[in-house]
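The block underneath contains the structure these notes are about, expressed in structure tokens.
Numbering (UniProt numbering), first residue to last: 1 to 182.
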């Protein structure tokens with residue numbers, strides 16, 4: 001079921017943004033943050049109801065860090081103009097809101113299924129970035145890294161291509177982490 005949902009939404013996003021990669025990445029990064037918020041919401045509720053084990057606290061810290069990382073990916077896409085259209089922002093926000101409540105429901109009932117769903121989304125993000133990098137390497141290597149990315153990564157990636165490789169690697173690492181949790 002998770003695969004059908006992710007494939008359907010992915011297909012719709014790909015159809016809506018065939019020639020506007022940064023708008024597509026903006027939508028994807030907006031949605032990519034959602035699972036971590038949803039996990040944290042459910043975990044905070046469980047904590048409020050008395051669950052206080054160290055495992056829960058550690059997972060909350062990890063998910064907060066993951067959400068922060070995705071925020072910076074989103075800020076990068078915004079700096080590249082991905083959010084310049086009100087329609088794109090509305091699409092991203094609408095998808096994110098619906099996805100948030102779905103992940104809250106799934107995570108509250110079956111954490112493994114929620115982590116699997118996130119794994120599928122991260123895999124899609126990795127493959128999307130990887131394909132984009134492969135087909136746009138030359139032009140991306142000539143573009144400077146946005147200042148927001150330079151500040152976040154604190155490294156000297158002189159070209160946009162290098163930055164997007166870093167984001168793609170982060171998506172792959174997140175996918176591996178989610179698989180390890182399941």
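We put the beta carbon where it would ideally sit given N, CA and C, even for glycine. Only a predicted model underlies this, so the values are computations on that prediction, with no experimental measurement involved.
(message) Assuming residue 115 and residue 34 are in contact, meaning their beta carbons sit under 8 Å apart, how far apart are those beta carbons, in whole angstroms?
(response) Not really, about 14 Å apart at Cβ, beyond 8 Å.
(request) Could you tell me how far apart the beta carbons of residue 25 and residue 77 are, in whole angstroms, since I believe they sit closer than 8 Å? (result) 5 Å
(request) Quick one: using the 10 Å Cβ neighbour count with 16 as the cut-off for buried, is residue 85 buried or exposed? (result) exposed
(request) Consult DSSP for residue 156 and reduce its assignment to one of helix, strand or coil. (result) Only weak support is given to the placement of residue 156: the predicted model assigns it a pLDDT of 48, under 50, and the question is left unresolved by the model.
(request) Give the straight-line distance between the Cα atoms of residue 17 and residue 28, rounded to the nearest whole angstrom. (result) 11 Å
(message) Distance check for residue 41 and residue 152, CA to CA, integer angstroms please.
(response) 26 Å
(message) the ligand PLP and residue 55: does the residue's C-beta get closer than 7 Å to at least one heavy atom of that ligand?
(response) You won't find the ligand PLP in this model; it holds no ligand whatsoever.
(message) Can you tell me where the alpha helix (DSSP H) holding residue 135 begins and where it ends?
(response) 111 to 141
(request) Look at the Cβ atom of residue 81, then the Cβ atom of residue 22, and state whether they are nearer than 8 Å. (result) yes
(request) Let me know the secondary structure DSSP gives residue 75 once reduced to three states. (result) In this structure, residue 75 counts as helix in the three-state DSSP scheme.
(message) Taking 8 Å as the limit between beta carbons, can you name the residues of its chain near residue 56, skipping five residues before and five after?
(response) 43, 46 and 47
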